[in-house]
Amino acid sequence: MRRWARAAAAGVVLWGTAVPARAQSSFADATTMNWDGALTGMFLGLLLFSLAYNAAFFALLRERFLIWQSARTLSYFALAIGLSPLAMGPALAPDSFARQIWICVLFDLGVVFSGPFLRAYLEPGTVHKRLYPLLGWPPFLILLTTPAALMAGPPLYFAIRSAVLLAMLALCIATVVIAIARGSRTARYQAAAWSGIAAVYGVSLFHDIVLHTPFELFLFALFPALGLEVMLTAFGILDRLVRLRQERQEARAQAEAMRVIAHTDPLTGLPNRRAIEASFNDDPPVAIAIVDLDHFKAINDHHGHDVGDRVIFAAGVALGSGSALAARIGGEEFALLFRCEAGEVAGEAERLRQRVGAYIAQMVPSLKRPVTASMGLVHISRDTSFGAAMKSADINLYAAKESGRDRVVFIEAAAA
């Protein structure tokens with residue numbers, strides 16, 4: 043790392059010798075611009091675009107990995123300023139010790155933030171369970187070894203730093219490789235994004251270990267590698283967010299489908315008891331009725347349950363054809379919620395009751411005798427509970443059955 047710091051300082055000086063170019067604008071006729079400044083500006087602009095990109099998507103989806111990627115990008119942004127020949131005042135001159143502290147700390151922060159970012163970024167289930175906790179707070183231990191890159195301290199201290207950095211590198215590589223093996227698309231993007239940086243550091247290590255000379259083009263190679271990492275990570279984030287949105291839409295659609303199934307009678311397609319109770323509580327009706335098919339057991343006994351199901355289906359179609367909300371509440375029983383004018387309830391109830399026999403005769407012609415229905419109807423007040431209303435309607439239904447069936451029994455109000 044000390045060799046890297048010296049190479050960085052040398053690179054800053056080398057970079058600063060770029061040939062200036064005359065400005066092509068009359069507004070800046072007396073100014074000049076170096077290629078190093080132009081490259082620095084392009085790279086910083088790319089990082090600012092990445093920050094805006096992450097912020098925009100975080101406002102929509104609130105994904106934690108966008109925060110960690112923004113922290114990494116900010117570290118790159120500050121590192122790029124430190125590595126560039128940009129003027130930062132006499133205290134942070136390119137060859138100053140303070141500038142080297144700036145570079146080393148921000149380099150380490152970029153590495154540190156990679157662990158939590160990777161853990162939050164990869165798809166659930168693709169990070170090995172033993173590696174997942176190691177990608178959390180342990181990378182922050184790297185900051186304890188940052189001084190080793192700046193001081194000629196004990197060799198053991200620098201060796202510990204090297205071991206920690208290599209362990210972090212191995213951890214990230216192992217995480218990405220295992221995630222790819224488990225089918226992670228995001229890990230493939232990240233492997234491609236980090237390939238350039240890995241190549242630059244590989245060449246730098248070759249120079250340090252084999253050639254024993256610093257890699258003088260380190261900065262020239264590092265900036266494009268960082269730019270490649272930012273762009274490919276942005277593509278990976280976009281792909282990940284698109285899939286996350288699709289997964290959430292599918293989850294909402296599945297939840298809605300489950301809600302519909304939970305509130306729908308599978309035979310008739312009408313709402314079930316749970317659904318009609320929810321409707322009653324949300325918007326209390328003016329009247330409620332319970333409808334029961336007369337002598338339905340005889341139909342099952344003589345014609346079979348398949349014919350009985352067809353009869354129930356036809357009754358559901360008949361009762362659902364009017365203005366009342368119809369629901370099947372069990373067996374051959376149905377419930378109706380009336381929200382029409384109070385004076386129209388009795389007439390609408392009778393029309394629906396008579397339709398039951400007509401629809402069954404038309405839709406189940408194999409029956410040799412007509413099927414009739416009995417109905418218990420009751421007007422209710424706004425403060426009547428669903429249970430009390432159903433109990434009153436059931437009492438009237440029982441009265442209709444006792445008085446000869448095939449009729450409506452109707453009283454004006456139910457007790458709250």
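Take the sequence shown: its letters are residues 43 to 458, numbered as in the working numbering.
All C-beta atoms in this analysis are idealised placements derived from N, C-alpha and C, irrespective of residue type, glycine included.
Query, Result
"Opening and closing residue of the alpha helix (DSSP H) in which A442 lies", "F428 to E444"
"8 Å contact criterion, which G418 and A331 should meet: CB distance rounded", "6 Å"
"Range covered by the alpha helix (DSSP H) that runs through F155", "F139 to Y163"
"Test item: CB-CB of A235 and L274 under 7 Å", "yes"
"Span of the beta strand (DSSP E), counted from its first residue to its last, around H347", "Taken as a continuous stretch (DSSP letters only), H347 belongs to no beta strand (DSSP E), being part of the alpha helix (DSSP H) at H347 to L361."
"Within the region 360-400, ranges of the beta strand (DSSP E) (whole runs, at least 3 residues)", "367-372 and 375-380"
"Beta-ladder partner(s) of I318, from DSSP", "For I318, which the question treats as bridged, DSSP gives no partner whatsoever."
"Element boundaries [beta strand (DSSP E), containing M417]", "A415 to H421"
"Option in P196, L164, I145 and G350 with minimal Cα separation from S226", "L164"
"Paired residues, beta bridge with P313 - DSSP", "T306"
"Proximal residues to L409 (C-beta, below 8 Å), its chain only, five neighbours per side dropped", "I341, H345, V349, V353, I402 and A403"
"Three-way DSSP call (helix, strand, coil) for V250 in this model", "In the sequence as presented, Val is not what sits at residue 250; that position holds Asp. It is helical."
"Cβ distance (whole Å) where V272 is taken to contact S92 below 8 Å", "5 Å"
"A369 and L312 closer than 7 Å at C-beta", "yes"
"Nearest to G364 (by Cα), restricted to the options C382, D351 and G372", "C382"
"Exposure label - D307; buried when at least 16 CB within 10 Å", "buried"
"Buried versus exposed call for T426 [16 or more other C-beta atoms within 10 Å across all chains shown]", "buried"
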